[in-house]
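In our numbering, the protein residues as written are 6 to 167.
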């Protein structure tokens, strides 16, 4: 089983080229299970990842956008088998350099609807804890794949920062 992780990609290259002035990260969270995976991305300006704690806190959290730069990213489901019939026509394709093929779906769950988002009038204090995001994505996985939440291994994301 692949461990669930949240990979934070910095915009350092954009800063080096003068396109951006403030450091930020694209946080790419992937929760893996036996039947597939749940993926969600968001932006954050600061990642507090203390070595003595398992809880990582993301500050100044905001939407990540699709390639069109106007549509906020939604939760994506990657399933090893087709899910219930709906309007989406997923194609079987690899997911994250895996040789297995997955069916990919989007569900309309934008960032502001996540319960783990601690909203605040001060943008800097608009935060998410990795453990709370993990638990919420675990519940999404259990609901989509009709399994008990205990079937998803792990207690929190492995947080990687570039």
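Glycine included, every Cβ here is placed at the ideal spot set by N, Cα and C.
This one's a predicted model, so the numbers in the text were calculated from it and none came from an experiment.
Under the DSSP definition of a beta bridge, residue 123 partners with 132. Three or more beta-carbon pairs separated by less than 8 Å are not found between the segment 66 to 77 and the segment 145 to 159, which leaves the two stretches without contact.
Residue 83 is bridged by DSSP to 42, 109. Here residue 162 really is in contact with residue 10; their C-beta atoms are around 5 Å apart, less than 8 Å. The count of Cβ pairs closer than 8 Å, one atom from the segment 152 to 167 and one from the segment 73 to 87, stays below three, leaving the stretches out of contact. By the 16-neighbour rule on beta-carbons within 10 angstroms, residue 34 is buried. In the DSSP annotation of this structure, the continuous segment of the alpha helix (DSSP H) that includes residue 21 starts and ends at 17 to 21. Where residue 62 is concerned, the enclosing beta strand (DSSP E) starts and stops at 62 to 64. With a beta-carbon spacing of about 19 Å, residue 20 and residue 63 fall beyond the 8 Å limit used to define contacts.
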